[in-house]
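There are 4 protein chains.
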Amino acid sequence: MAQFSDIAPLLAEQAIELPSWAFGNSGTRFRVFGTPGTPRTPQEKIADAAQVHKFTGLAPKVALHIPWDKVDDYAALGAYANEQGVSLGTINSNTFQDDAYKLGSVTHSDPRIRQKAIDHHFECIDIMHKTGSKDLKIWLADGTNYPGQGDMRARQDRLSDSLQQIYARLGTEQRLVLEYKFFEPAFYHTDVPDWGTSYAQVAALGERAMVCLDTGHHAPGTNIEFIVMQLLRLGKLGAFDFNSRFYADDDLIVGAADPFQLFRILFEVVRGGGYGTDSGVAFMLDQCHNIEEKIPGQIRSVLNVQEMTARALLVDTDALGAAQSAGDVLGANSILMDAFYTDVRAPLAEWRESRGLPADPMAAFTASGYRERISEERVGGAQASWGA
Amino acid sequence: MAQFSDIAPLLAEQAIELPSWAFGNSGTRFRVFGTPGTPRTPQEKIADAAQVHKFTGLAPKVALHIPWDKVDDYAALGAYANEQGVSLGTINSNTFQDDAYKLGSVTHSDPRIRQKAIDHHFECIDIMHKTGSKDLKIWLADGTNYPGQGDMRARQDRLSDSLQQIYARLGTEQRLVLEYKFFEPAFYHTDVPDWGTSYAQVAALGERAMVCLDTGHHAPGTNIEFIVMQLLRLGKLGAFDFNSRFYADDDLIVGAADPFQLFRILFEVVRGGGYGTDSGVAFMLDQCHNIEEKIPGQIRSVLNVQEMTARALLVDTDALGAAQSAGDVLGANSILMDAFYTDVRAPLAEWRESRGLPADPMAAFTASGYRERISEERVGGAQASWGA
Amino acid sequence: MAQFSDIAPLLAEQAIELPSWAFGNSGTRFRVFGTPGTPRTPQEKIADAAQVHKFTGLAPKVALHIPWDKVDDYAALGAYANEQGVSLGTINSNTFQDDAYKLGSVTHSDPRIRQKAIDHHFECIDIMHKTGSKDLKIWLADGTNYPGQGDMRARQDRLSDSLQQIYARLGTEQRLVLEYKFFEPAFYHTDVPDWGTSYAQVAALGERAMVCLDTGHHAPGTNIEFIVMQLLRLGKLGAFDFNSRFYADDDLIVGAADPFQLFRILFEVVRGGGYGTDSGVAFMLDQCHNIEEKIPGQIRSVLNVQEMTARALLVDTDALGAAQSAGDVLGANSILMDAFYTDVRAPLAEWRESRGLPADPMAAFTASGYRERISEERVGGAQASWGA
Amino acid sequence: MAQFSDIAPLLAEQAIELPSWAFGNSGTRFRVFGTPGTPRTPQEKIADAAQVHKFTGLAPKVALHIPWDKVDDYAALGAYANEQGVSLGTINSNTFQDDAYKLGSVTHSDPRIRQKAIDHHFECIDIMHKTGSKDLKIWLADGTNYPGQGDMRARQDRLSDSLQQIYARLGTEQRLVLEYKFFEPAFYHTDVPDWGTSYAQVAALGERAMVCLDTGHHAPGTNIEFIVMQLLRLGKLGAFDFNSRFYADDDLIVGAADPFQLFRILFEVVRGGGYGTDSGVAFMLDQCHNIEEKIPGQIRSVLNVQEMTARALLVDTDALGAAQSAGDVLGANSILMDAFYTDVRAPLAEWRESRGLPADPMAAFTASGYRERISEERVGGAQASWGA
C-alpha cells in the first residue's frame with residue numbers, strides 16, 4: 001500500500017464546492033424545521049460556507065442557486081465572498097418553483113413556458129459572466145405523475161431543442177452540466193432519469209456539455225462507481241453532487257449511509273483521471289441538513305470526502321493490477337479493502353496542522369463561537385430556504 | 001366466472017372513507033402548487049368530500065386530521081357533514097409538525113415531549129367521543145436520519161409504553177390503528193417501519209389495537225397482498241390507506257401505478273373476510289393530488305377501488321381452488337386473470353344508474369359546475385394544506 | 001377510442017420470435033425440475049415452437065442458442081423448421097458456460113480467452129450465414145462479484161475492442177444486438193449493466209449495431225417504457241427480450257407480473273415507430289418455464305403480447321394528444337386507461353377464427369394431444385437444458 | 001472509545017458456525033464452476049471447515065445439511081469432527097430438491113407431500129439426537145411463481161400445522177429456527193417472506209421456536225439492524241445466516257458488499273444482548289464461493305465478522321447514550337463512526353498471536369500447503385454441490 005506521505009501532495013489538490021442552499025432551511029414534504037442563526041441572505045450563506053473552508057481548507061467555492069441567490073450586484077457579492085476567503089462557483093438554475101412549471105419547464109408543451117424556462121437559463125448565463133462561474137448546472141424537475149399525462153417522446157425532443165438554445169448562449173469558457181435523477185418530484189416519469197439520457201442529450205450538444213452525477217439519484221442496487229468509470233471513459237463526467245442516501249434522494253451527509261460506496265466512487269474517480277486540479281470534474285456537495293446543524297454538517301461532509309479520497313489514493317494499484325491479471329479474486333479484493341480499512345484520520349489531522357489548519361475542524365468550529373454569534377445576530381428577516 | 005348480477009348485492013356494501021386533507025393543497029419538498037377553489041376550512045373540505053359521495057355513492061365518511069381539522073364545535077361539524085350527505089370517520093393524530101417533535105414524539109428520549117405527544121392523542125380521543133369516530137389512526141414520523149443518532153431499542157420500548165397509555169384511554173367501542181411506513185420523513189430508521197413491528201406492538205396492547213396498511217409504505221418488490229392475507233389471518237388488519245406508487249410513497253391515485261396489484265390486494269381482502277359491512281376493516285384513501293384536480297382525483301380513486309373490487313368478486317373461486325389443488329399452474333393463474341381482464345365498467349355504470357347515481361361520475365361532476373362555483377366563491381383566506 | 005376493426009390489419013403484422021431454450025428445462029440455482037416430453041434435440045425444440053405458431057399465428061420464427069442448438073447441417077435444420085411451419089431467427093451466442101469464462105469472456109484480461117470468445121462469435125456469424133439469420137444477439141455474463149476483483153475501466157475498453165472485431169465480421173445485412181443486464185450472474189458489477197452502456201458501445205460500432213432490451217433486466221422502479229422511447233428516438237432499439245418479473249430476472253411469462261407495464265411498453269413501441277413489418281425491432285420472448293408447462297407457457301406469452309398490443313393500438317392518440325396539450329392530467333391518463341381496461345379477448349378470438357386459427361389457442365393445444373404424444377415418444381436421451 | 005484491551009476478553013466468546021455446503025461447489029442458474037480439491041464427502045467438508053478454525057480460532061462448529069451430509073454413522077462423523085478440532089452444529093433440512101416439492105413442501109395442498117416433508121424433518125430431529133445438535137434450522141423454498149397459482153392463506157395455515165407437528169417432535173433441549181426469505185426460488189410469493197411471518201409462526205409454536213435472520217434475505221433498502229433489535233427485544237432471534245449482497249440473495253462473503261451495515265448489525269447484536277456465550281443467538285455463515293477459493297473465502301468471512309464485532313464492542317456507549325439524550329445528532333453519529341473507522345486489524349493480529357494463532361490467517365493457510373494437498377488427493381468421485 002502507498003504511504004501517506006506519498007499521497008499528501010495530491011490531497012492538496014482537493015477542492016469541493018459547497019451549495020449555498022445547504023445553509024438555509026430544508027426539510028421534507030412533512031415539515032421544514034427552522035434553526036436559530038439560519039442565513040437570511042446570499043451574503044450570510046456565503047459567510048457560513050466560508051467557515052467550512054476556514055476550518056478545513058477543502059471548500060474554496062460556493063455554488064449559487066438562481067433565483068434563491070439573486071442579488072443586484074454580483075461583483076459585490078463576489079468581492080464579499082473573496083473577503084470571506086472563498087469565491088463563487090457553479091450557477092444552478094431553478095425551474096421547479098414557479099406556477100408556470102407545474103407540468104414542465106424546458107419540456108413543456110406550451111412554447112411560451114419553454115421560452116420562459118430558456119430565458120431563465122439565459123439569465124443564469126448572464127450571471128455567470130458577472131460571477132466568473134464556469135459551469136451552468138441544470139437539474140430539471142420535469143416529468144409526469146401519471147401514465148399518459150405527457151408525451152414522453154415529444155418532451156424529450158423539446159428538451160433537446162431547449163438545451164441547444166441554452167448551450168448556444170454559453171461563453172466559450174463556460175460549460176453546461178446536465179444532472180439526471182431517477183424520480184422525485186415527478187413520480188411516473190422523469191425527463192432526464194438516468195445517465196444514459198443525460199449522456200445522449202449532452203453528446204448531441206457538443207464538447208462543453210457534460211453530465212452531472214448526483215450520488216443520490218439512482219435506483220436501488222445501482223453500481224454508481226461503474227457510471228463514474230463509464231462517464232470518465234466517455235469524457236463526459238462534468239460534476240458530482242455528493243450526498244448519501246439509504247433509500248430515496250435523502251440528501252444526507254456524504255458518506256453517512258455507505259462509506260464503502262463513497263470509497264469505491266472515489267477510487268474510480270482517481271482511476272479514471274477525474275481527480276486533481278486539471279481533471280475537469282467539479283466536486284460539489286448537494287445536501288440537506290434537515291435536523292442536524294448545517295455548518296458542522298458541511299464540515300463533516302468535506303472531511304468524509306477527504307478521508308475517502310485519501311484511502312482511494314492509498315490503494316496499491318500495481319499490486320491490484322497484478323492480482324486482477326492473475327485472476328486472484330480474494331487477493332485483488334483484499335488489496336482494495338486494505339486501503340479502505342486504513343484509519344487515515346490521525347495522519348490527516350497532522351497534515352492539516354502542517355498547513356495551519358486545526359487538527360479537529362469540528363471541534364475547532366464549535367470552539368470558535370461562530371454558531372452562538374449568528375444565533376444572536378441573525379434575528380428578524382426571513383430565513384433562507386428552498387422557497388427563496 | 002361469476003356473473004355481474006351475482007356480485008351486485010355485495011357491491012352495495014362498499015364504503016370508502018375519504019381523507020379531508022386530500023382536498024387541501026399538497027406537494028413535494030420542492031413545491032406545493034395551489035389551485036383555485038381549494039378549501040380553507042374543515043367545512044369546505046367536507047363539502048368537497050361530499051361531492052365524491054354524491055356522484056359515486058361510495059364514500060359516505062370523511063376522516064379528519066388533528067390539528068388540521070380542529071374546530072370549536074364538533075357536534076356542529078358532524079351535523080354539517082350530515083347535511084352534506086356524509087358523516088365523520090376516523091381521527092388521525094399528527095405528531096410531525098410541531099418543533100418539539102423534530103427528533104421524535106411518542107418515542108422521544110425526553111419524557112416531557114413524549115407526554116406532549118401522548119396528550120395530543122388523548123385530545124384526539126376526546127374529539128372521537130364528540131364525533132362518534134370509531135378509529136384513532138396513528139401514523140408516526142418518528143425515526144432517525146443517521147446511524148447512532150438514536151437508541152432504536154429504547155425508542156421501541158418507549159413506543160410501547162406510550163401506546164399503552166393511549167390505548168388505555170380509548171372508549172370500549174374505540175380502536176387504535178397503528179400504521180407502519182418503510183421510510184420518510186426519517187431516512188435511516190423508522191420506528192414503525194414494517195407490518196411486523198406494527199403487529200408486535202398492537203398484539204401487545206389488546207384486541208382493539210389493529211394494524212393499518214398503507215399501500216405505498218413498503219420496500220420495492222414487497223408482495224403487499226401477502227401482508228393483507230397474513231394480517232387478516234392474524235385478526236389484526238384494521239384499516240387500509242389506499243394510494244399507489246411507482247417508487248416511494250408517491251401517494252398517487254389508487255390503482256394508477258399498478259392496477260393488477262390493486263386487484264390482487266382486493267382479492268385477498270375478499271378471500272380473507274376483509275370485505276363487507278361487518279368485516280372490521282376500514283377502507284380509506286390517503287392520497288395527494290399535487291398536480292391533478294382534487295375532487296375528480298378522489299372520484300377516480302373510489303371508482304378504481306370499486307372496479308377492482310368488482311373484478312375480485314367475479315373470480316370463480318371454486319374453479320380456482322380446483323386448479324390450485326390439481327397443481328395446474330397456468331390454469332389457476334388463468335382463472336384469476338379472467339376476472340382481472342373483464343371489463344366491468346359498463347355493468348357498473350348500469351348498476352349506478354339503477355341506484356339513482358350518474359353512469360359516469362367524472363362527467364357528471366364536471367357538468368355540475370361545482371368546480372367553477374368554489375373557484376369563484378373561495379376567495380381570500382388561507383388554503384388548507386398539510387401545514388394547517 | 002379506435003374500433004377493433006381499425007386495428008385488425010395492424011395485428012396481422014405481429015411476429016414474435018420464440019427462444020428454442022424455452023422448450024428445454026430450466027430452473028433456479030436450487031433446482032431444475034424436468035418434465036416428460038422435454039425436447040432432447042434442436043429439432044424437437046423447433047417442433048415444439050412450431051406448435052405455438054400453429055395455434056396462434058403469432059410466432060413464425062425460432063431463435064437459436066449456440067452451442068445449445070449446434071447441428072452439423074443448418075440447411076437441413078432450416079428445412080426442417082420450414083416443414084414445421086416456422087423459420088430460423090436470431091442467433092444467440094453463449095460465453096457463460098465454459099470454464100475459461102469463469103472471470104469473463106470478451107472482457108477477460110487474458111487475450112487468449114478474449115480471442116476464444118471472439119472466435120465463438122465468428123462461429124455464430126458463420127452459422128447465421130447458413131441459417132439466414134439477420135441478428136446476432138450478444139448477452140454477456142461478464143462481470144465481477146467483489147469490488148477490486150477486476151478493473152472495470154480496462155474491461156470496458158476490452159469489451160469495445162472485442163465488439164469491434166465481431167462487428168467487422170458481420171455480413172452487410174446482418175446486425176449485432178447487444179443486450180444489457182442489471183445483475184446476475186455477476187453480483188458486484190456487470191460489464192453491460194444498463195441501456196446507456198449498451199447504447200454507448202453500439203453507437204461506437206456503427207449503424208448495424210443495436211441495443212436489445214430485456215424487460216427483466218432493470219433495477220426496481222425503472223420506467224422501462226421511457227427507455228423504449230429513448231432508444232427508438234436514438235434509432236438504436238434493435239430487439240426485445242420479453243418476459244416479466246416481480247423482483248429480479250425472474251423470466252416469467254410476459255405480462256404475468258405487471259400487465260399494465262407491458263401495455264405501456266407496447267404503447268411506446270407503437271408511438272415510436274417500433275411496431276410493424278418494417279420497424280427493425282425484433283420481438284422475442286426470453287422466458288423460463290420452471291414449473292409450468294412449456295408450450296402452453298409460450299402460447300400464453302404470445303397471446304399476452306398480442307392482447308396488449310391490441311390495447312396499445314386502440315388508444316385514441318388524437319384525443320390523448322389534445323388532453324396532453326391542454327394540461328388535462330386526469331383526462332389524458334383516462335384516455336390511456338380506457339384502452340387498457342378494454343377487454344379485447346372476444347374480438348381477438350373472432351379475429352383468429354377469421355384467419356383459420358382456433359378461437360382459444362390454449363384449449364386447442366390441450367385438445368390436440370400433442371403433449372401426450374411427446375411425453376410418450378420422447379423417452380431416453382438427455383433432455384435439453386441450459387447446460388446443453 | 002473503549003480500549004482494545006477492554007474488549008479482548010469478549011472477543012474470546014465469539015464462535016461462528018460454518019456451513020458444510022460452503023466447501024462444496026455452488027453457482028448460479030447459469031453455471032456451477034468446479035474447483036480442484038472440492039470435497040466429495042461430508043468428512044472432507046468437515047476437514048476443510050476445520051482448517052478455518054485452525055487458523056482463526058473462530059469457527060468451532062460445522063452445520064450440516066440433510067440429505068447432502070447424510071452418513072450411516074453420525075457418531076463416527078462427530079468423532080471425526082472432534083479429531084479435526086471442531087464439532088457438529090445445526091442441522092439444516094432440505095425440502096427443495098425432490099421432485100415432489102416442485103409446488104411446495106410443508107405448505108403443499110397434497111397431504112401426502114406435506115407428510116413427506118414433515119417426515120423429513122422428523123429424520124432431521126433423529127439425526128440431531130445422534131449429533132448432539134441443538135438447532136433444527138428450516139428454510140423453505142415454498143412459494144409460487146404466478147398470482148393465483150396457490151392459495152396463500154391455506155398455505156399459511158398448512159405451514160402452521162406442519163410446523164406444530166415438527167415442533168412437537170423436538171427434544172426438550174432442541175430448538176426450531178425458522179428462516180425467512182424475500183424471494184427466490186419462488187418469484188411471486190414466498191410462504192415465509194419476512195421476519196413478521198416467521199415471528200408470527202414461531203410465536204405460535206412456543207418458547208423453543210425462534211427466527212433465523214439471513215442478512216441477504218431482505219428487500220432493498222431494508223434496515224436489517226432494526227430487525228435484529230426488534231427480534232432481540234421480542235426474545236425471538238435464534239440465529240444468523242451471515243453473508244452479503246449487492247442486490248438479491250448474492251450469498252457473498254459477509255461484509256464484502258457493505259461493511260458498515262455489518263458493523264451496525266453487530267452493534268445492535270451487542271446492544272440487545274445477542275452476543276456472548278449465553279446469548280442464545282447462533283452465529284452462522286451461509287455463503288457461496290462461486291468464483292473465489294472456498295476455504296480462504298470462509299477464513300475471510302469469519303475474520304470480517306470478528307473485525308466488525310471488535311469495532312462494535314469498541315463503541316463508547318456511555319458517550320453515545322449521552323449524545324443521544326442531548327439530541328446531538330452529529331455528535332452521536334460521530335461516536336458510532338469513531339469505532340467503525342478504527343483500524344482493529346493490528347491489535348487483532350496481536351491478540352491472535354497471544355492465543356497461539358497465526359497473526360495473518362489468510363497467509364498462514366496459503367503457506368500451509370493444504371490447498372495443494374487436497375487438489376492432489378481428491379481425485380475422482382463426485383464433487384459435493386447443492387445437488388448432493
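Protein chains in written order, with the UniProt record's numbering: chain A, 1 to 388; chain B, 1 to 388; chain C, 1 to 388; chain D, 1 to 388.
For each residue, glycine too, the CB sits at the ideal point set by N, CA and C.
Source: prediction; values computed, not measured.
Give the residues of chain D in contact with valine 329 of chain A, contact being defined as C-beta atoms less than 7 Å apart.
Position 329 of the first sequence, counted from the start, is the residue given in the question as residue 329 of chain A. Within chain D, the residues near valine 329 of chain A are Ile291, Glu292.
Could you tell me if phenylalanine 23 of chain A is buried or exposed, where buried requires 16 or more neighbouring beta carbons within 10 angstroms of its beta carbon?
Here residue 23 of chain A corresponds to residue number 23 of the first sequence, with the count starting at 1. Phenylalanine 23 of chain A should be labelled buried.
Do you know how far the Cα of aspartate 119 of chain A is from the Cα of glutamine 165 of chain A?
Within the first sequence, the letter at position 165 stands for residue 165 of chain A. Within the first sequence, the letter at position 119 stands for residue 119 of chain A. Going by the C-alpha atoms only, they are around 10 Å apart.
Would you kindly check if the distance between the Cβ of tyrosine 80 of chain C and the Cβ of glutamine 51 of chain C is under 9 Å?
For the purposes of this step, residue 51 of chain C is taken as the residue at position 51 of the third sequence. For the purposes of this step, residue 80 of chain C is taken as the residue at position 80 of the third sequence. No, they are not a contact pair.
Going along the chain, which residues of the segment 61–94 of chain D sit with their C-beta nearer than 8 Å to a C-beta in chain A?
Taken residue by residue, none of the segment 61–94 of chain D has a beta-carbon sitting less than 8 Å from a beta-carbon on chain A.
Would you identify the three-state DSSP class for leucine 140 of chain A, choosing helix, strand or coil?
Taking the first sequence and counting its residues from 1, the one referred to as residue 140 of chain A is at position 140. Three-state DSSP puts leucine 140 of chain A in coil, outside helix and strand.
Nearest to proline 111 of chain D by alpha carbon, out of D:Lys70, D:Ile91, D:Leu159?
For the purposes of this step, residue 111 of chain D is identified with residue 111 of the fourth sequence, where counting begins at 1. Proline 111 of chain D has its Cα closest to that of D:Leu159, out of D:Lys70, D:Ile91, D:Leu159.
Could you work out which residues of chain D lie near aspartate 191 of chain C, taking near to mean beta carbons separated by less than 7 Å?
As a working note, residue 191 of chain C is residue 191 in the third sequence. Within chain D, no residue comes near aspartate 191 of chain C; the closest Cβ sits about 15 Å away, beyond 7 Å.
So, is glutamine 287 of chain A buried or exposed, given that buried needs 16 or more other C-beta atoms within 10 angstroms?
Position 287 of the first sequence, counted from the start, is the residue given in the question as residue 287 of chain A. That one is buried.
Could you tell me whether the segment 226–240 of chain D touches the segment 185–200 of chain B, using the rule of 3 or more Cβ pairs below 8 Å?
yes
Are the segment 63–74 of chain C and the segment 87–94 of chain C touching, with three or more C-beta to C-beta distances below 8 Å?
At 8 Å Cβ cutoff, the stretches touch.
Can you tell me whether aspartate 72 of chain B is buried or exposed? The criterion is at least 16 other CB atoms within 10 Å of its CB, across all chains shown.
Mapped onto the second sequence, residue 72 of chain B falls at position 72. The residue is exposed, with fewer than 16 neighbouring Cβ atoms inside 10 Å.
Starting from tyrosine 341 of chain A, find everything on chain D with Cβ-Cβ shorter than 7 Å and list it in chain order.
Residue numbering aside, residue 341 of chain A sits at position 341 when the first sequence is read from its first letter. By Cβ distance, chain D contributes Asp343, Arg345.
Note down, in chain order, each residue of its chain lying with its Cβ closer than 7 Å to the Cβ of aspartate 360 of chain A, except the 5 sequence neighbours on either side.
Taking the first sequence and counting its residues from 1, one reaches residue 360 of chain A at position 360. Excluding positions up to five away in sequence, the list reads Ala349.
Could you list the residues in the segment 268–300 of chain C with a C-beta less than 7 Å from some C-beta on chain B, going in chain order?
Ile291, Glu292, Glu293, Pro296, Gly297, Arg300
Less than 9 Å separating the beta-carbons of isoleucine 291 of chain A and lysine 236 of chain B?
Position 291 of the first sequence, counted from the first residue, corresponds to residue 291 of chain A. Position 236 of the second sequence, counted from the first residue, corresponds to residue 236 of chain B. Not closer than 9 Å, so no.
Please decide whether glycine 221 of chain B counts as near chain C, where near means a Cβ-Cβ distance under 9 Å.
On the second sequence, position 221 is the one that residue 221 of chain B refers to. So, interface residue.
At which residues does the alpha helix (DSSP H) containing cysteine 124 of chain C begin and terminate?
Position 124 of the third sequence, counting from 1, holds the residue named residue 124 of chain C. Counting along the chain, the alpha helix (DSSP H) containing cysteine 124 of chain C begins and ends at 111–131.
Within the segment 45–101 of chain A, note down every full alpha helix (DSSP H) run reaching 4 residues or more, in order along the chain.
74–84
Taking Cβ positions only, does tryptophan 386 of chain B come closer than 9 Å to chain A?
In the second sequence, the residue the question calls residue 386 of chain B occupies position 386. Interface residue, yes.
Is proline 361 of chain A helix, strand or coil when you go by DSSP?
For the purposes of this step, residue 361 of chain A is taken as residue 361 along the first sequence, with counting starting at 1. DSSP places proline 361 of chain A in helix when its eight states are reduced to three.
Are the CB atoms of aspartate 135 of chain C and lysine 116 of chain C nearer to each other than 9 Å?
For the purposes of this step, residue 135 of chain C is taken as residue 135 along the third sequence, with counting starting at 1. For the purposes of this step, residue 116 of chain C is taken as residue 116 along the third sequence, with counting starting at 1. Going by beta carbons, aspartate 135 of chain C and lysine 116 of chain C fall outside the 9 Å limit.
Say whether chain A places a C-beta atom closer than 9 Å to the C-beta of serine 26 of chain C.
One-based indexing of the third sequence puts residue 26 of chain C at position 26. No, no contact with chain A.
Name, please, each residue of chain C whose Cβ falls closer than 7 Å to the Cβ of proline 147 of chain A.
In the first sequence, the residue the question calls residue 147 of chain A occupies position 147. The contacting residues are Arg264, Asn333, Leu336.
Could you say if the segment 369–380 of chain C and the segment 322–339 of chain D meet the contact criterion of at least three C-beta pairs nearer than 8 Å?
no
Any beta carbon of chain A sitting closer than 9 Å to that of proline 97 of chain B?
Along the second sequence, one-based indexing puts residue 97 of chain B at 97. It is glutamine, not proline, that sits at residue 97 of chain B in the sequence shown. With 9 Å as the cut-off, glutamine 97 of chain B counts as an interface residue toward chain A.
Evaluate histidine 129 of chain B with the Cβ neighbour count: other Cβ atoms within 10 Å of its Cβ, from every protein chain shown; 16 or more gives buried, anything less gives exposed.
To locate residue 129 of chain B, count along the second sequence from 1; it is residue 129. It is exposed - the Cβ of histidine 129 of chain B has fewer than 16 other Cβ atoms within 10 Å.
In the segment 219–246 of chain A, which residues sit with their C-beta less than 7 Å from some C-beta in chain C, listed in chain order?
Ala219, Pro220, Gly221, Thr222, Asn223, Phe226, Met229, Gln230, Arg233, Leu234
So for tyrosine 25 of chain B, helix, strand or coil by DSSP?
On the second sequence, residue 25 of chain B is found 25 positions in, with the first residue counted as 1. According to the sequence displayed, residue 25 of chain B carries asparagine and not tyrosine. Of the three classes helix, strand and coil, the one that applies to asparagine 25 of chain B here is strand, per DSSP.
Does the CB of alanine 59 of chain D have a neighbour CB from chain B at under 9 Å?
By 1-based counting over the fourth sequence, the position of residue 59 of chain D is 59. No, alanine 59 of chain D lies away from the interface with chain B (no Cβ there is under 9 Å from its Cβ).
Taking Cβ to Cβ, would you say aspartate 249 of chain C is nearer than 9 Å to glutamate 184 of chain C?
Reading the third sequence from its first residue, position 249 is the one you call residue 249 of chain C. Reading the third sequence from its first residue, position 184 is the one you call residue 184 of chain C. Yes. Within cutoff.
Would DSSP call alanine 388 of chain B helix, strand or coil?
Here residue 388 of chain B corresponds to residue number 388 of the second sequence, with the count starting at 1. With a pLDDT of only 48 at alanine 388 of chain B, under 50, the local geometry of the prediction cannot be trusted, and no value is derived from it.
Could you compute how far the alpha carbon of alanine 256 of chain B sits from the alpha carbon of threonine 222 of chain D?
What you label residue 256 of chain B is simply residue 256 of the second sequence in a count that begins at 1. What you label residue 222 of chain D is simply residue 222 of the fourth sequence in a count that begins at 1. Computed Cα separation, rounded: 25 Å.
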